[in-house]
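Asks: What follows is a single structure, and I will ask about it in a moment.
Protein chains in written order, with the numbering used here: chain A, 476 to 867; chain B, 10 to 394.
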């Protein structure tokens with residue numbers, strides 16, 4: 476039976492070039508579905524992987540209780556200093572706790588393709604320890620800022636999407652000029668930020684505490700010790716989160732929104748493509764009515780005919796799916812975009828077409844191909860031999 | 010048989026094919042309608058705001074509040090009739106639902122935003138009750154708030170003097186919007202700035218936005234320049250723009266979603282064009298001998314072209330309109346389901362774009378087969394060449 480089915484499928488497939496038009500409907504319809512599906516989810520995946528790469532498992536971020544985001548949080552100077560003395564925090568080579576008090580400020584920069592509307596960009600005031608706490612961050616051009624001066628270093632992501640913060644440029648904030656003296660790259664969400672010295676930020680913005688404190692954890696139970704010490708201290712109302720969890724938590728909403736959009740769009744498009752596939756497979760079966768009847772007459776069974784039609788539909792669907800994934804990859808993979816993140820500032824990220832996404836796209840294509848092939852295949856198998864042979 | 014009857018009969022000769030093609034057209038236009046209305050939200054949507062209002066914010070970003078003491082200075086600028094201000098409260102409902110809550114000066118806000126309608130007595134009560142809150146109709150309906158209730162709302166930014174972030178306000182009024190557009194913007198609540206300022210732990214006397222009501226819309230440019238020049242080189246540098254520009258900029262912050270939506274639209278449309286176009290071409294190919302017979306019977310080249318084109322137009326028009334109708338219904342359901350938060354409305358402009366797309370598509374998919382039908386030579390066609 477299998478050999479029969481393969482034999483017929485072979486004939487069918489070799490005859491595809493003869494009737495390119497109708498076969499193309501399946502290929503292109505499914506290419507569209509898979510391209511849209513892959514592209515949308517590649518956006519969600521890119522956003523997710525940027526944020527997930529950001530946090531370390533052996534560091535904790537401390538914010539005012541109930542703040543949810545660094546932007547909303549504010550700690551006064553006393554709490555900031557108190558936090559750095561808590562247990563569970565690792566000590567650096569100099570014997571001081573590995574902690575960086577950081578202050579979040581938002582500045583506006585103009586998108587590269589815009590002339591007027593500003594977008595919110597994070598400016599992070601940091602202590603020198605901040606660099607030790609983010610080992611992946613490297614200065615790739617220029618130099619780091621000098622503490623005490625109004626100098627900024629700019630992330631690569633900011634440079635990709637926004638104008639006015641290039642090396643050597645002057646950024647204006649609160650009536651003062653800040654010079655961009657370096658570029659950095661970290662391969663995560665910090666690439667969407669500008670950094671400066673926290674003390675300069677404090678004096679310019681008239682604030683004396685910090686937004687959050689980032690600390691390196693001391694050993695496996697560091698987080699537990701830190702949490703219980705903070706909870707026990709009546710002077711502190713704080714949220715202590717593992718840094719990795721803090722950043723991963725920010726991706727949920729985005730993933731949900733994009734997932735919903737991708738689901739709806741793919742479902743509707745898939746229905747459209749399935750109807751089109753049905754159409755063209757019916758047409759293919761009808762056009763070959765005489766041929767199929769001949770095969771049946773010389774002894775081929777009904778099932779092999781059915782299977783052969785299914786094989787044709789599936790191969791076409793698979794080809795369409797691969798084409799769609801290729802289109803999504805070529806057009807979107809690595810495409811740099813930005814959107815609003817948790818702190819109400821822009822997060823720059825790249826689309827990421829992964830093997831898993833492609834595989835899921837191909838599964839969708841195959842399922843649609845099966846739907847599109849099954850009914851016409853049944854019709855082909857049931858074709859009354861004598862009438863079909865008589866048909867002109 | 011009339012000509013239109015002939016077209017319809019032709020369409021129903023291959024019932025399965027017509028229905029399947031129709032279904033794919035419907036799906037395509039359903040998607041087209043929904044995406045176009047999302048696109049619409051990102052692009053425009055700010056047309057209805059008053060042209061006589063300017064928004065003043067800190068130049069560095071609107072998240073850095075400015076001192077309220079700027080109000081008299083702003084009011085003294087020629088061309089400014091009235092100044093209102095508002096501060097973001099960071100409202101959170103129950104566990105983790107963010108709410109749009111602003112602290113405002115009630116009577117100033119009322120003067121600057123006449124689009125919000127509420128009985129005078131409620132405005133007065135709002136102005137004179139320190140712990141008062143007013144809510145938009147949409148918000149009040151969504152959470153079932155009634156006038157007279159004490160509404161518990163937390164802030165994710167501001168603790169009270171005692172350190173607690175759980176606040177509670179007395180709901181004294183519910184306001185409406187003056188028209189459809191403003192009704193959509195009643196998903197906000199307002200509290201008394203005076204009370205908020207006194208009761209919170211820090212950030213005294215500040216506001217994120219100053220809203221200037223102008224005496225004359227033509228002076229917007231001049232007033233913006235004067236205001237920005239007035240505070241230049243101070244720690245409180247300002248950025249002044251029209252309300253429309255502000256709203257547009259705010260929406261743009263969401264980023265390149267608009268671009269992605271356009272890409273998808275393009276992909277959908279392209280796919281659809283090929284699919285339907287191909288089906289049309291096929292149906293003409295199969296009927297080549299018939300068309301030749303028609304010509305033999307004396308139908309002109311033009312009318313044969315007309316028959317084929319009419320079939321395409323009928324398919325696209327019927328499927329397209331049905332798809333758009335479906336999208337409108339679905340959009341309304343989404344709007345209702347999300348309590349108006351996600352206003353996926355297919356208004357007149359989306360329909361117009363949709364109809365333009367239908368026309369464009371009919372021509373694109375119908376013209377080639379129709380031209381082929383017209384060019385057909387009877388002898389060749391009947392001989393099956």
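Even for Gly, the Cβ is constructed at its ideal location relative to N, Cα and C.
Residues of chain B with a CB under 8 angstroms from the CB of residue 510/A: which are they?
Replies: 276
Asks: Write down the C-beta distance between residue 377/B and residue 290/B rounded to the nearest angstrom, noting that I regard them as a contact closer than 8 angstroms.
Replies: Contact flag correct, Cβ pair sits at about 7 angstroms.
Asks: Assign residue 771/A to buried or exposed, taking buried as 16 or more other Cβ atoms, counted over all protein chains shown, within 10 Å of its Cβ.
Replies: buried
Asks: Do we get a CB-CB distance below 7 angstroms when we pair residue 650/A with the residues of chain B?
Replies: yes
Asks: Among the residues of its own chain, which have a CB less than 7 angstroms from the CB of residue 497/A, if the five just before and after it don't count?
Replies: So the list reads 755, 758, 759, once near-sequence residues are dropped.
Asks: For a quick check, are the C-beta atoms of residue 189/B and residue 91/B less than 7 angstroms apart?
Replies: no
Asks: Which chain B residues are close to residue 522/A, counting only those with a beta carbon under 7 angstroms from its beta carbon?
Replies: What residue 522/A touches in chain B: nothing, since even the nearest Cβ is about 10 angstroms away.
Asks: From residue 769/A to residue 865/A, what distance separates their C-alpha atoms?
Replies: 11 angstroms
Asks: Spatial neighbours of residue 337/B within its chain, please: CB distance less than 6 angstroms, with the 5 preceding and 5 following residues excluded, ordered by chain position.
Replies: So the list reads 355, once near-sequence residues are dropped.
Asks: Suppose contacts are defined by Cβ-Cβ distances below 7 angstroms. Is residue 691/A in contact with residue 565/A by that definition?
Replies: With contacts defined as CB atoms closer than 7 angstroms, residue 691/A and residue 565/A qualify as a contacting pair.
Asks: Whole alpha helix (DSSP H) runs in the stretch 204-257 of chain B with 4 or more residues, listed along the chain?
Replies: 229-239
Asks: Following the continuous beta strand (DSSP E) through residue 693/A, name the residue where it begins and the one where it ends.
Replies: It is not in any beta strand (DSSP E) - residue 693/A carries neither H nor E in the DSSP assignment.
Asks: Taking Cβ positions only, does residue 138/B come closer than 7 angstroms to chain A?
Replies: no
Asks: Between the C-alpha atoms of residue 561/A and residue 654/A, what's the straight-line distance to the nearest angstrom?
Replies: Between the alpha carbons of residue 561/A and residue 654/A lies a gap of roughly 36 angstroms.
Asks: Give a yes or no on whether the C-beta atoms belonging to residue 750/A and residue 32/B are separated by under 7 angstroms.
Replies: Between residue 750/A and residue 32/B, the gap from beta carbon to beta carbon is short of 7 angstroms.
Asks: I need the boundaries of the beta strand (DSSP E) containing residue 122/B, first residue and last residue.
Replies: Going by DSSP, residue 122/B is part of no beta strand (DSSP E) at all; its letter is neither H nor E.
Asks: Against chain B, does residue 500/A count as a neighbour if the rule is that its beta carbon must be under 7 angstroms from one of theirs?
Replies: yes
Asks: So is residue 800/A buried or exposed if we call it buried at 16+ other beta carbons inside 10 Å?
Replies: buried
Asks: The beta strand (DSSP E) spanning residue 734/A covers which residue range?
Replies: Careful: residue 734/A lies outside any beta strand (DSSP E), inside the alpha helix (DSSP H) at 727-762.
Asks: If you pair each beta-carbon of the stretch 660-680 of chain A with each one of the stretch 498-505 of chain A, do three or more pairs fall below 8 angstroms?
Replies: no
Asks: Residue 61/B: which of 122/B, 21/B, 13/B, 43/B sits nearest, CA to CA?
Replies: 122/B
Asks: Beta-carbon of residue 262/B versus every beta-carbon of chain A: anything under 7 angstroms?
Replies: yes
Asks: Sorted by chain position, which residues of the same chain lie with C-beta nearer than 7 angstroms to residue 484/A's C-beta, five sequence neighbours on each side aside?
Replies: 783, 786, 787
Asks: Hey, residue 75/B and residue 229/B are a contact pair by Cβ (cut 8 angstroms); roughly how many whole angstroms apart?
Replies: The pair is not a contact, with the Cβ atoms about 20 angstroms apart (cut-off 8 angstroms).
Asks: Return yes when the Cβ of residue 523/A is within less than 7 angstroms of the Cβ of residue 741/A, no when it is not.
Replies: no
Asks: Please confirm if residue 746/A has its CB atom under 7 angstroms from at least one CB of chain B.
Replies: yes
Asks: Using a Cβ cut-off of 9 angstroms, pull out every chain A residue sitting near residue 369/B, in sequence order please.
Replies: Simply none; closest approach about 18 angstroms.
Asks: Identify every run of the alpha helix (DSSP H) within the stretch 299-376 of chain B, keeping only runs that are complete inside it and at least 4 residues long; order them along the chain.
Replies: Within the stretch 299-376 of chain B, the complete alpha helix (DSSP H) runs of at least 4 residues are 310-346.
Asks: Name the DSSP beta bridge partners of residue 572/A, please?
Replies: 566/A
Asks: Mind checking whether the beta-carbon of residue 769/A lies closer than 6 angstroms to any heavy atom of the ligand MN?
Replies: Absence of the ligand MN from the depicted structure is noted, as is the absence of any ligand whatsoever, leaving it without description.
Asks: Does the count of Cβ pairs from the stretch 143-162 of chain B and the stretch 204-212 of chain B closer than 8 angstroms reach three?
Replies: no
Asks: On the DSSP letters alone, give me the boundaries of the alpha helix (DSSP H) that residue 18/B sits inside.
Replies: 12-20
Asks: Check the DSSP bridge columns for residue 107/B and list the partner residues they point to.
Replies: 101/B
Asks: For residue 544/A, does the three-state DSSP call read helix, strand or coil?
Replies: Correct three-state label for residue 544/A: coil.
Asks: For residue 178/B, report the span of its beta strand (DSSP E) as first-last.
Replies: Residues 175-186.
Asks: CA-CA distance, residue 108/B and residue 177/B?
Replies: 14 angstroms
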